[in-house]
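Following: one structure in structure tokens, then a few remarks.
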Amino acid sequence: MYSFEPSEEQKMLVDAVSKYAAKDLRPKAHDAEEECHLPEDLVEKGWELGFLQASIPEEYGGFGERSALTGVLAVEELSYGDMAGAMAILMPGLFATPILLAGTEEQKQRFLPEVVEAEWKPYSAALIEAKFDFDPQDLMTTAKPVNGGYILNGEKTYVPYATDASDILVYANLEGKTQGFIVPKETPGLQIGERQKLLGINALPLYSLGLNELQIPAENRLGGVDGHSMDDILDAMHLAMAALGLGLSRAAFDYAREYAKDRDVFGVKVAQKQAIAFMLAEMATEIEAIRLLTWEAAWMVDTAKEGASRHAYLAHTGAADMAMMVSDRAVQILGGHGYIREHPVELWMRNGRGVATLSGLAIL
Amino acid sequence: MIEFEMPKPIAQQSYVLQTVAENMMRPVSRYFDEHEHEIPWDYINFMHMAMRATGAGSLAPPERKEEPKPDEKKKERPPIAYQMLAFMLEMLAWGDVGMYLVTPGGGLGAAAVEAAGSSEQKKKFLARFMDEKPTFAAMAMTEPQCGSDTSAIRATAVLDKNTNEWVLNGEKIFVTAGQKSLEESQGFIVVWATIDPSAGRAGMRSFVVEAGIPGCQVTKMEHKLGIRASDTASIVLTDCRVPFENILGSPEIRTDTTKGFKGAMATFDATRPLVAATGIGVARATLELLKQILAEQGIHIRYGLPRQKLTNIEREIIDMEVMLQSAWLLVIKAVWMADNKKSNPLEASMSKLRAGDVVTRITQRAVELMGPLGYSRELLLEKWFRDAKITDIYEGTGQINRLIVARNILDYSGRELR
Chain A
39 MYSFEPSEEQ KMLVDAVSKY AAKDLRPKAH DAEEECHLPE DLVEKGWELG FLQASIPEEY
99 GGFGERSALT GVLAVEELSY GDMAGAMAIL MPGLFATPIL LAGTEEQKQR FLPEVVEAEW
159 KPYSAALIEA KFDFDPQDLM TTAKPVNGGY ILNGEKTYVP YATDASDILV YANLEGKTQG
219 FIVPKETPGL QIGERQKLLG INALPLYSLG LNELQIPAEN RLGGVDGHSM DDILDAMHLA
279 MAALGLGLSR AAFDYAREYA KDRDVFGVKV AQKQAIAFML AEMATEIEAI RLLTWEAAWM
339 VDTAKEGASR HAYLAHTGAA DMAMMVSDRA VQILGGHGYI REHPVELWMR NGRGVATLSG
399 LAIL
Chain B
10 MIEFEMPKPI AQQSYVLQTV AENMMRPVSR YFDEHEHEIP WDYINFMHMA MRATGAGSLA
70 PPERKEEPKP DEKKKERPPI AYQMLAFMLE MLAWGDVGMY LVTPGGGLGA AAVEAAGSSE
130 QKKKFLARFM DEKPTFAAMA MTEPQCGSDT SAIRATAVLD KNTNEWVLNG EKIFVTAGQK
190 SLEESQGFIV VWATIDPSAG RAGMRSFVVE AGIPGCQVTK MEHKLGIRAS DTASIVLTDC
250 RVPFENILGS PEIRTDTTKG FKGAMATFDA TRPLVAATGI GVARATLELL KQILAEQGIH
310 IRYGLPRQKL TNIEREIIDM EVMLQSAWLL VIKAVWMADN KKSNPLEASM SKLRAGDVVT
370 RITQRAVELM GPLGYSRELL LEKWFRDAKI TDIYEGTGQI NRLIVARNIL DYSGRELR
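So the sequence lines, in the order shown, correspond to chains A and B. When the letters of the first sequence are read in order and numbered with the working numbering, they come out as residues 39 to 402. When the letters of the second sequence are read in order and numbered with the working numbering, they come out as residues 10 to 427.
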């Protein structure tokens, strides 16, 4: 059957996340971006909503089952508040979720409880590399098997909380396949570079990472001796980006609509002009269409349908265009005011462009 | 629970309809495009026979089918009749959208009777679709001087108190299947006219005019860009007399309400997603052929690659898939809401405007991308390019639907957002 009605539990979660996003995240978003810093208590409060904890089974310290669809619903709400804040709250998942999806039993027992049973702590992952055609399935960073372990070499970029994280999940090219390796912070040869300055999401601390002859024990390879497939992980990353794009776009749409209904022009409200009203109608339609595409992809992932990976990819692709289209129009509808940093739409436009690029910085 | 599992009855229906589309529509698609105003009787008779035999697939809204047999078991299942209809139309349009439009069963005319008629009227006017011969019905709304602005309709209906008949006068154009309804079958058209020109929308009513009634004449058949298998008729009403009981809705004029008019507009909430579904069918046909031609050239789409690594043609195809699937899901949501008796004017208009955008864009890109193959009448791509455009025009243009969406999201009345 088809149904577009979230379950009661999903509605409750969405409601709680939505309140936090509106009352906590959004009011802090501007200053966080300007100061390049997210207040710790803000992130901790978001973490306590328990989104990741609810996707980890009890035997590993959580209290639920992972659902990509529930994840999509929750992440849209978080991102409605602020995309950088949403990413920070989700950050421990960037380390934990791949272990849940692809790790050995021993890895799950060893790493998951310490992530989910504690307060928010920085965990990190390093996937992205600094080249224009960066491809997660064709990495420059290499892993070479040596007696009883692996040697990692290469450079990573956009690594969140790299200075504070106790463990980093580093992805490297092992004989043509992308594989994850759990790298403890104190591993010799791990060099944390300068904090990176970007077009947007500047509240989120991101660093470059140098890997110089890193020796990693065999048991730290994600999935153990046989390794793992990247499919589930990449699907979950695509869906996370799509959901982040949805929340950001809905925020920009709502803001532009309220502004247009309030602003006078030639004796009427600016929203009463079809030139503006039609832009808003197209924005709303775009958001609804891509939301359904994302929901369907998440449902396919949850029910292990054939073609789920393709659909997750399509949802991300659609969301990247949506986020750019909607946030650009929001700036346009505010006119000169849209260009001023006192209004949030210019930040959403900068963050919105990132939806296409930042896959690897969030997972659900 | 949010779910996207295609219901079993729909999957079974799609399997059957795909056979029809492949075997009865595609092989003659080009012929009926090039022989405008010839009628595809083989398809019509087959569909009529099949629909009579199974009782399924009427193009009129589904309540009609459910009434005769209030099966206890069926009530427990979620209603899916509109969803079935949307999937049916999508598949038939995938076969040939022009031919789909001549599927017997009442179409928009029957939909109007279903939406606004009394139970006696439904019995009287709708029974004919199960007759031995295929029967058609049509909606006559547009006039030479007005299209989307239906409140400007000039056709008049005056009650002759002596004979208790309505006397209709006026000219209607763009009546889809009008000729088949009046001349090729014992069908009817639903005519929009005013019973009080001074009352504006409050005076607007619709009337059932049956085939064979004097004073109702088909005067012209249009020659069109596409959907040429479907007749688009001009109809002139000259002192055309219909019985009093052929009026749909109340004959009384109340200037304080436009309820009757709004009721008629609500019909569109059901029909717009269905029209959108036909656009999706054409778009899917196009995209599938495009991918097939590419595959024959050894080009397979590498999903999952970063955009920067894709070829232009891969990006085009991927963008088309995003457009197509997201538009189709809007349709499914809109008909799901109709099935579940949820108010859906916003979703209906969203699905219609998106489908109109998507099908024109995909067919236009396809003709360009396929170069000389696309522009040639050897393949159907150029035909689908022509067929597609009507999706963005009939049943409310893309602009009218944007207006409706905008009023909904802005919470504006028609006066606040003109």
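C-beta: ideal position from N, C-alpha, C; glycine also.
Three-way DSSP call (helix, strand, coil) for residue i in this model
{"i": "I371(B)", "result": "helix"}
{"i": "K307(A)", "result": "strand"}
{"i": "Y403(B)", "result": "coil"}
{"i": "D175(B)", "result": "Checking the sequence, you will find Trp at residue 175(B) rather than Asp. It is a strand residue."}
{"i": "D202(A)", "result": "coil"}
{"i": "T241(B)", "result": "strand"}
{"i": "V208(A)", "result": "strand"}
{"i": "A186(B)", "result": "coil"}
{"i": "Y40(A)", "result": "strand"}
{"i": "L98(B)", "result": "helix"}
{"i": "R86(B)", "result": "coil"}
{"i": "K133(B)", "result": "helix"}
{"i": "L246(B)", "result": "strand"}
{"i": "F13(B)", "result": "strand"}
{"i": "D169(B)", "result": "strand"}
{"i": "P252(B)", "result": "strand"}
{"i": "E193(B)", "result": "coil"}
Residue span of the beta strand (DSSP E) that contains residue i, given as start and end
{"i": "W201(B)", "result": "F197 to T203"}
{"i": "T195(A)", "result": "G187 to P198"}
{"i": "M230(B)", "result": "C225 to M230"}
{"i": "L244(A)", "result": "L244 to P255"}
{"i": "P183(A)", "result": "T180 to V184"}
Rounded C-alpha distance that separates residue i from residue j
{"i": "R35(B)", "j": "T185(B)", "result": "21 Å"}
{"i": "G104(B)", "j": "L111(A)", "result": "37 Å"}
{"i": "P226(A)", "j": "L207(A)", "result": "16 Å"}
{"i": "E144(A)", "j": "Q253(A)", "result": "20 Å"}
{"i": "D7(B)", "j": "E193(B)", "result": "A query on residue 7(B) cannot be resolved here, the shown segment of chain B reaching from 10 to 427 and no further."}
{"i": "D169(B)", "j": "M213(B)", "result": "18 Å"}
{"i": "G262(A)", "j": "F291(A)", "result": "46 Å"}
{"i": "L247(A)", "j": "K83(A)", "result": "29 Å"}
{"i": "W175(B)", "j": "T165(B)", "result": "9 Å"}
{"i": "G258(B)", "j": "S127(B)", "result": "8 Å"}
{"i": "L402(A)", "j": "P95(A)", "result": "15 Å"}
{"i": "Y384(B)", "j": "L330(A)", "result": "34 Å"}
{"i": "K342(B)", "j": "E73(A)", "result": "43 Å"}
{"i": "S162(A)", "j": "T201(A)", "result": "10 Å"}
{"i": "R163(B)", "j": "T203(B)", "result": "7 Å"}
{"i": "D348(B)", "j": "L94(B)", "result": "11 Å"}
{"i": "E391(B)", "j": "Q301(B)", "result": "16 Å"}
{"i": "Q370(A)", "j": "K169(A)", "result": "31 Å"}
Short Cβ contact (8 Å threshold) for residue i with residue j
{"i": "S360(B)", "j": "A285(B)", "result": "yes"}
{"i": "I289(B)", "j": "E99(B)", "result": "yes"}
{"i": "M338(A)", "j": "H349(A)", "result": "yes"}
{"i": "T142(A)", "j": "Q175(A)", "result": "no"}
{"i": "G407(B)", "j": "G365(B)", "result": "yes"}
{"i": "V111(B)", "j": "K189(B)", "result": "yes"}
{"i": "W345(B)", "j": "F42(A)", "result": "yes"}
{"i": "L63(A)", "j": "D120(A)", "result": "yes"}
{"i": "H266(A)", "j": "G218(A)", "result": "yes"}
{"i": "A358(A)", "j": "A394(A)", "result": "yes"}
{"i": "K181(B)", "j": "I89(B)", "result": "no"}
{"i": "R104(A)", "j": "L128(A)", "result": "no"}
{"i": "A126(A)", "j": "V81(A)", "result": "yes"}
{"i": "G405(B)", "j": "R281(B)", "result": "yes"}
{"i": "Y98(A)", "j": "A59(A)", "result": "no"}
{"i": "A319(A)", "j": "A415(B)", "result": "yes"}
Host alpha helix (DSSP H) of residue i (start-end)
{"i": "P18(B)", "result": "K17 to V29"}
{"i": "D366(A)", "result": "A346 to L372"}
{"i": "R214(B)", "result": "That residue, R214(B), is in no alpha helix (DSSP H); its beta strand (DSSP E) goes M213 to E219."}
{"i": "M387(A)", "result": "V383 to G392"}
{"i": "M338(A)", "result": "Q312 to D340"}
Which ranges would you report for the alpha helix (DSSP H) in the segment 346-399 of chain B if only whole runs of at least 4 residues count?
354-378, 380-384 and 390-397
Ranges of the beta strand (DSSP E) found wholly within the segment 212-300 of chain A, counting only runs of at least 3:
With a minimum length of 3 residues, the continuous beta strand (DSSP E) runs that stay inside the segment 212-300 of chain A are 215-222, 228-233 and 244-255.
Could you name each continuous beta strand (DSSP E) segment of 3 residues or more that falls completely within the segment 40-111 of chain A, going from the start of the chain to the end?
40-42
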